[in-house]
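Novice:
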Amino acid sequence: MTKQQTTALKIAAVLWLIWGLVHILAGVMTLAQAPSQAFAAIADAIDPATLAAHYHPAVGGVVNQHGFNLLWFGLATIIGATLIWRGNMTAIWVTAMVGGLADVGYFLFLDIPGYVNFVPGTVMTLISGAAIILSIWVWLPSRGKVSANA
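Position 127, counted from 1, in the sequence shown is what our numbering calls 128; the numbers after and before it change by one each time, with no gaps.
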């Protein structure tokens, strides 16, 4: 692996680390709040007064499941970031699947309809996209080669 490729993977790993930490925080914050507050925090482009309601406990369960998913997505990408830092090619794909697909859902169901502001969610989508592009740039020329770090 060239020095440029190693540097690119280290940058991607740092991007995934940031992404993971933000999602762990978002997961904890979602789990710690009542459903109306969690909705207002997630859909931050919507007037919180329109989301204020007494929701059925099942809605709280769905929101908590979302918070749990944010938490484990974050943990998984931090583990992936550690392995990517070490040059593990498999971690590139696993981390991109976890973080990248989480961001595809965010983009489709929150960004496009306009329910969220640009920061922090959309920025996290850009961060994961940059990490994926950098990682694939390294992975493409190394396909089929055996690595001592993999």
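Using N, Cα and C, we set each Cβ at its ideal position, and we do this for glycine too.
Do you know how far the Cα of L111 is from the Cα of W140?
Specialist: Roughly 31 Å separates the two Cα atoms.
Novice: Our contact map puts T31 next to L71 with C-beta atoms below 8 Å; I'd like the distance itself, whole angstroms only.
Specialist: That pair is a contact at about 6 Å.
Novice: Taking only the alpha-carbon atoms, compute the straight-line gap between A151 and F119 and give it to the nearest angstrom.
Specialist: Low local confidence applies: a pLDDT of 48 at A151 is under 50, so the model's placement there is unreliable, and no value is given.
Novice: Can the beta-carbon of T96 be found less than 8 Å from the beta-carbon of W17?
Specialist: It is a contact, given that the beta carbons lie within the stated cut-off.
Novice: Shortest alpha-carbon distance to L10 belongs to which of G68, R87, P36, I79?
Specialist: Of G68, R87, P36, I79, the residue nearest in Cα terms is R87.
Novice: I85: buried (16+ other C-beta within 10 angstroms of its C-beta) or exposed?
Specialist: So I85 ends up on the buried side.
Novice: Using the beta-carbon count (16 or more within 10 Å), is V99 buried or exposed?
Specialist: Classification for V99: buried.
Novice: Pop quiz: W20 and T78 are said to be a contact at Cβ under 8 Å. What is the actual Cβ separation, rounded to whole angstroms?
Specialist: Contact holds; Cβ gap of about 6 Å.
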